[in-house]
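Take a look at the structure set out below.
Numbering (our numbering), first residue to last: 42 to 96.
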């Protein structure tokens, strides 16, 4: 069985700054966006995380 992560929200309009485009690869931006949409906010401390509301 293939694992398919559940996305927490739909993607709206995506924008970036010229500086970000010059310093980060497009592949890395997509990687980070995908993690964000799955709720993978690894840098947050456990005590500051809020549970994701169930739909």
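Where a beta carbon is used, it is the ideal one built from N, C-alpha and C, also for glycine.
Taking C-beta atoms as the reference points, residue 55 and residue 79 fail to come closer than 8 Å.
With respect to residue 58, residue 70 sits apart: the two C-beta atoms are not nearer than 8 Å. Within the same chain, no Cβ atom closer than 7 Å to the Cβ of residue 63 is found once the five residues on either side in sequence are excluded. Collapsing the DSSP output to three states places residue 55 in coil.
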